[in-house]
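Written out below as structure tokens is the structure these notes cover.
In this note's numbering, the protein residues as written are 3 to 269.
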């Protein structure tokens, strides 16, 4: 089973995305025409087709869903195709893409991707450029996840990272909501909402979740390959120590910090 199929079988992020759409989706400002929307980091397309699309389908003509991993897009096209979804292999930070798509989208969605981009300013600036005036972004991202904590600890212990790269994950500082709000406003956005929450989410297959996450990150070249080979058992054990076993072998509560922000590009 490849990394796209493994990630498709996990359910942790799906629950959180659905809850946030139901709770805060009323803040999305839809145009009086069928919109063209973008999802950045669609992965294997399960959340795109099963969760995001049903929520926005009545308002859109097309959802362009992009990911940098060709394996994810191939899986999405084969398993999660839909007439309103256009899956594409795209690097959202690519200058040519940004120039070509300048002011093309009414809404941009990014669900659990932003934390993988160390340069948050460039990431959000690209959103600003490709949005139409009056368009909105809807972003859900992780803050200080158990995975990034274990990653940092183990890499420091084993000296796995290049000395020039302290962490491949975004740094949202000690006050994520304030940091992102100020950054968005500096870029030019009007912030509609910025919420930072801490809660537990449950997975029935902890090892499967961690393995799928690690393999996806390895394919993104976010983590060193040694974490999945030489140090995998130690890595998995450290991950378990950050979470709470619920009495069944692989059922765990995972501590999560989630940052949700919605912002508008002024007309």
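Cβ atoms here follow ideal geometry from the backbone N, Cα and C, with glycine treated the same way.
Other residues of its chain near residue i: CB distance less than 8 angstroms, five sequence neighbours each side excluded
| i | result |
| --- | --- |
| residue 245 | 148, 208, 254, 255, 256 and 257 |
| residue 150 | 117, 144, 169 and 171 |
CB of residue i within 8 angstroms of CB of residue j, strictly
| i | j | result |
| --- | --- | --- |
| residue 116 | residue 172 | yes |
| residue 29 | residue 188 | no |
| residue 1 | residue 111 | The structure shown has nothing for residue 1, since the chain only spans 3 to 269. |
| residue 114 | residue 142 | yes |
| residue 18 | residue 224 | no |
| residue 185 | residue 123 | yes |
| residue 128 | residue 94 | yes |
| residue 241 | residue 145 | no |
| residue 47 | residue 67 | yes |
| residue 58 | residue 39 | yes |
Neighbourhood of residue i by C-beta distance below 6 angstroms, restricted to the same chain and skipping five residues each side
| i | result |
| --- | --- |
| residue 162 | 226 and 228 |
| residue 15 | 114 |
| residue 261 | 143, 145, 178 and 198 |
Whole-angstrom distance between residue j and residue i, CA atom to CA atom
| i | j | result |
| --- | --- | --- |
| residue 233 | residue 217 | 14 angstroms |
| residue 41 | residue 222 | 18 angstroms |
| residue 263 | residue 139 | 8 angstroms |
| residue 199 | residue 22 | 11 angstroms |
| residue 10 | residue 235 | 23 angstroms |
| residue 175 | residue 201 | 19 angstroms |
| residue 237 | residue 37 | 44 angstroms |
| residue 135 | residue 34 | 14 angstroms |
| residue 98 | residue 248 | 48 angstroms |
| residue 32 | residue 210 | 38 angstroms |
| residue 83 | residue 27 | 24 angstroms |
| residue 12 | residue 61 | 28 angstroms |
| residue 78 | residue 269 | 34 angstroms |
| residue 259 | residue 250 | 24 angstroms |
| residue 133 | residue 155 | 38 angstroms |
| residue 159 | residue 220 | 19 angstroms |
| residue 167 | residue 157 | The predicted model places residue 167 with a pLDDT of 46, which falls under 50 and marks its position as unreliable; any figure quoted below should be read in that light. Near 11 angstroms, if we compare the C-alpha coordinates of residue 157 and residue 167. |
| residue 80 | residue 101 | 29 angstroms |
| residue 239 | residue 20 | 30 angstroms |
| residue 69 | residue 215 | 15 angstroms |
| residue 197 | residue 25 | 12 angstroms |
| residue 243 | residue 230 | 18 angstroms |
| residue 104 | residue 56 | 26 angstroms |
Cβ of residue i within 8 angstroms of any chain C Cβ
| i | result |
| --- | --- |
| residue 102 | Among the chains in the structure shown there is no chain C, since it carries only a single protein chain. |
Contacting residues, own chain, Cβ-Cβ under 7 angstroms from residue i (five flanking each side not counted)
| i | result |
| --- | --- |
| residue 130 | 189, 190, 191 and 267 |
| residue 213 | 8 |
| residue 206 | 252 and 253 |
| residue 265 | 138, 139, 186, 191, 192, 193 and 194 |
| residue 181 | 174 and 175 |
| residue 72 | 91 |
| residue 4 | 73 |
| residue 165 | Model confidence at residue 165 stands at a pLDDT of 41, short of 50, so the residue's coordinates are unreliable and nothing is read from them. |
| residue 96 | none |
Any non-hydrogen atom of the ligand FAD closer than 7 angstroms to residue i Cβ
| i | result |
| --- | --- |
| residue 93 | Of ligands this structure carries none, so the ligand FAD is not represented either. |
* To do: Pick out the complete beta strand (DSSP E) segments inside the segment 112 to 199, 3 residues or longer, and give them in chain order.
  => For the segment 112 to 199, whole beta strand (DSSP E) runs of length 3 or above, ordered along the chain, are 133 to 144.
* To do: Could you pull out every unbroken alpha helix (DSSP H) segment of at least 4 residues lying fully inside the segment 70 to 110, listed in chain order?
  => Taking only runs of at least 4 residues, the alpha helix (DSSP H) segments lying wholly in the segment 70 to 110 are 72 to 81 and 97 to 102.
* Kindly confirm or deny that the segment 86 to 93 and the segment 51 to 62 touch, where touching means at least three C-beta pairs closer than 8 angstroms. => Of all C-beta pairs linking the segment 86 to 93 to the segment 51 to 62, three or more are shorter than 8 angstroms, placing the two stretches in contact.
* **Within the segment 33 to 60, ranges of the beta strand (DSSP E) (whole runs, at least 3 residues)** => Complete beta strand (DSSP E) runs here, min 3: 37 to 42.
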